[in-house]
Amino acid sequence: MIHWTIGVLVVVILFFCFLGYRYVQRSLKPLDPTSNESIEVKVPIGSTDKQIGDILQKRGVIRSGFVFNYYVKSKQLAAFKAGYYDFKPSMTLAQIATELQKGGSSTPIGSGKVLVREGVTADQIGDVIQKNTKFKKQDFLNLLNDQQFLNELKKKYPDLLSSAVGAKDVKYQLEGYLYPATYSVSKNETLKQLVEQMVAKENQEMQPYYQKIKDDHMSVQQALTLASLVEGEGTNQESLEMIAGVFENRLQKNMKLQTDVSVSYALGKHQQNISYNDLKVNSPYNLYQNNGLGPGPVNNPPINAVKAVLYPKDRDKGYLYFVANMKTGKIYYTKSYQQHQENVSKVQKANGYEK
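Its first residue numbered 44, the sequence shown is counted upward by one per residue in the working numbering.
Shown next as structure tokens:
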């Protein structure tokens with residue numbers, strides 16, 4: 044009995060030793076080998092190896108501060124220096140230790156932040172990038188159509204970009220795929236890395252919905268295009284879902300979407316009031332002149348707009364038209380063109396203009 048108990052105990056000990064070994068080996072490897080994210084880390088003066096490991100773990104650079112401390116001691120590394128560092132989750136512990144021995148910057152590395160607001164266009168993002176970083180707007184816009192770069196991204200994010208790369212007649216192939224969020228730009232970060240941050244965030248947000256898009260017989264390009272149109276017209280989640288239902292009803296009946304958002308994009312202008320002459324602009328994006336969704340997204344919509352497209356509200360009521368009162372924000376939905384015209388007249392009168 045005693046021998047049996049000892050045998051079991053030995054097996055248990057060996058099992059936990061094996062698990063510990065596996066954990067250490069895993070923690071020695073990069074946290075995320077494919078990541079291009081730059082993470083700024085401050086190492087205060089007087090920090091111990093253990094404290095540095097804890098900081099790196101909390102900042103999401105490494106998997107385990109404990110293993111980092113073990114690695115440093117086993118390699119007899121020393122003389123880590125205080126300062127600001129630009130680390131990536133794709134770095135090995137050896138690479139991180141080397142940087143810590145070289146020393147960091149005495150001032151924060153970050154050269155700026157890029158805020159991508161919901162529903163803005165690539166052109167508008169370019170303005171923000173040029174204002175807040177070392178990068179030029181035109182270089183950013185050129186990169187959105189750089190075929191080699193696009194193919195690299197497509198290999199990394201096939202679910203997201205398979206229907207985008209190579210799309211015809213689009214202004215920018217990555218329009219619609221630059222997720223609205225705030226992005227930190229470090230001193231050593233490249234423009235490609237910044238754009239990939241945005242695309243990676245888009246892929247992360249879209250991940251739960253790829254199967255639903257497929258089940259609805261849409262491509263990701265179509266889903267994001269419709270989401271961008273809905274985002275441009277809606278004001279809150281309910282209106283996004285209602286407008287998505289209207290657009291989908293019109294598409295089912297092969298009716299033109301006739302959305303002003305598409306005309307604004309075709310004109311390269313960001314304006315609410317569209318003139319009659321504007322509706323005649325010759326562009327595949329002009330959905331007053333063309334059927335369907337157009338070539339691609341007309342802005343970069345948030346995930347709420349995508350959800351509205353996948354789960355529209357009151358579509359079964361058969362609404363085909365809507366018009367918004369710009370003063371009150373109220374949106375009127377109707378089934379018939381006659382009712383719609385009556386609502387348009389009321390709204391124009393209330394807002395003091397005629398279209």
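Glycine included, each C-beta is placed from N, C-alpha and C at the ideal position.
Inset, instruction - Determine the closest residue to residue 196 out of 236, 228, 225, 166, with distance taken between C-alpha atoms. - result: Checking every option, the nearest Cα to that of residue 196 belongs to 236.
Legend entry - Residues of its chain near residue 310, where Cβ-Cβ distance is below 7 angstroms and the 5 sequence neighbours each way are ignored: Once the five neighbours on either side are set aside, the close Cβ partners of residue 310 are 321, 324.
Legend entry - Option in 354, 228, 80 with minimal Cα separation from residue 157: Per the Cα distances, 228.
Inset, instruction - In angstroms with no decimal places, state the Cα-to-Cα distance between residue 354 and residue 331. - result: Between residue 354 and residue 331, the alpha-carbon positions lie close to 25 angstroms from each other.
Legend entry - Enclosing beta strand (DSSP E) for residue 157 [first to last residue]: Counting along the chain, the beta strand (DSSP E) containing residue 157 begins and ends at 155-158.
Inset, instruction - Can you have a look at residue 207 and say buried or exposed, based on whether 16 or more other CB atoms are within 10 angstroms of its CB? - result: By the 10 Å Cβ count, residue 207 comes out buried.
Inset, instruction - Determine the contact status of residue 342 and residue 162, defining contact as a CB-CB distance below 9 angstroms. - result: Their beta carbons are under 9 angstroms apart, which means residue 342 touches residue 162 by this criterion.
Inset, instruction - Classify residue 174 as buried or exposed, calling it buried when 16 or more other Cβ atoms lie within 10 Å of its own Cβ. - result: Label assigned to residue 174: exposed.
Inset, instruction - Below 6 angstroms CB to CB, which residues in the same chain sit around residue 72 once its five sequence neighbours on both sides are set aside? - result: Excluding positions up to five away in sequence, the list is empty.
Inset, instruction - Would you list, in sequence order, the uninterrupted beta strand (DSSP E) runs of no fewer than 3 residues that lie entirely inside the stretch 208-258? - result: If we require 3 residues or more, the beta strand (DSSP E) runs fully inside the stretch 208-258 come out as 225-228.
Inset, instruction - Please go through the same chain and pick out, in chain order, the residues whose beta-carbon is closer than 7 angstroms to the beta-carbon of residue 255, but skip the five residues on each side of it. - result: Here the set comprises 353.
Legend entry - Segments of 3+ residues assigned as beta strand (DSSP E) that fall wholly inside the stretch 139-206: If only uninterrupted beta strand (DSSP E) runs of at least 3 residues are considered, those enclosed by the stretch 139-206 are 155-158.
Legend entry - Backbone secondary structure at residue 440 - three-state DSSP: The question about residue 440 has no answer here: the residues shown for the chain are numbered 44 through 398.
Legend entry - DSSP state of residue 465 mapped onto helix, strand, coil: Since the first residue shown for the chain is 44 and the last is 398, residue 465 is missing from the structure and cannot be characterised.
Legend entry - CB-CB length for residue 375 against residue 288, believed under 8 angstroms: With a beta-carbon spacing of about 14 angstroms, residue 375 and residue 288 fall beyond the 8 angstroms limit used to define contacts.
Legend entry - For residue 291, the nearest candidate out of 278, 365, 80 (CA to CA): For the residues 278, 365, 80, the minimum Cα distance to residue 291 belongs to 365.
Inset, instruction - Give the secondary structure of residue 88 by DSSP, where H, G and I count as helix, E and B as strand, and everything else as coil. - result: Three-state result, residue 88: coil.
Legend entry - residue 395 versus residue 339: straight-line alpha-carbon distance, rounded: When rounded, the distance between both Cα atoms is 34 angstroms.
Legend entry - Where residue 308 sits in the DSSP three-state scheme: Helix at residue 308.
Inset, instruction - Return the bridge partner residues of residue 126 from the DSSP annotation. - result: Looking at the DSSP output, residue 126 sits in a beta bridge with 86.
Legend entry - Collapsed DSSP secondary structure at residue 367 in the structure displayed: Strand at residue 367.
Inset, instruction - Go to residue 286, then tell me how far its alpha helix (DSSP H) extends in each direction, as first and last residue. - result: For residue 286, the enclosing alpha helix (DSSP H) stretches over residues 280-295.
Legend entry - Which listed residue (189, 286, 219) has its alpha carbon closest to that of residue 265: Answer by Cα proximity: 219.
Inset, instruction - Note down the Cα distance separating residue 132 from residue 145, rounded to an integer number of angstroms. - result: If I take the Cα positions, the gap works out to 19 angstroms.
Inset, instruction - Name the one or two DSSP bridge partners that residue 375 has. - result: Beta bridge pairing from DSSP links residue 375 with 366.
Inset, instruction - Pick helix, strand or coil for residue 318, following the three-state DSSP scheme. - result: Three-state DSSP puts residue 318 in coil, outside helix and strand.
Inset, instruction - Below 8 angstroms on the Cβ atoms is my guess for residue 126 versus residue 86; work out the distance and round it to an integer in Å. - result: The beta-carbon distance between residue 126 and residue 86, rounded to whole angstroms, is 6 angstroms. This is short enough to meet the 8 angstroms contact definition.
Legend entry - residue 285 vs residue 378 beta-carbon contact at 9 angstroms: Contact: no.
Inset, instruction - State the CB to CB distance for the pair residue 89 and residue 108, rounded to an integer number of angstroms; the pair is presumed to be in contact (CB under 8 angstroms). - result: Incorrect: roughly 17 angstroms between the Cβ atoms, too far for contact.
Legend entry - C-beta contact flag for residue 345 and residue 223 at 9 angstroms: Yes; because the gap between Cβ atoms is below 9 angstroms, this pair is in contact.
Inset, instruction - Within its chain, find whatever has a CB closer than 7 angstroms to the CB of residue 337; leave out the 5 residues flanking it on each side and keep chain order. - result: Cβ within range, chain order: 268, 305, 327, 328, 330.
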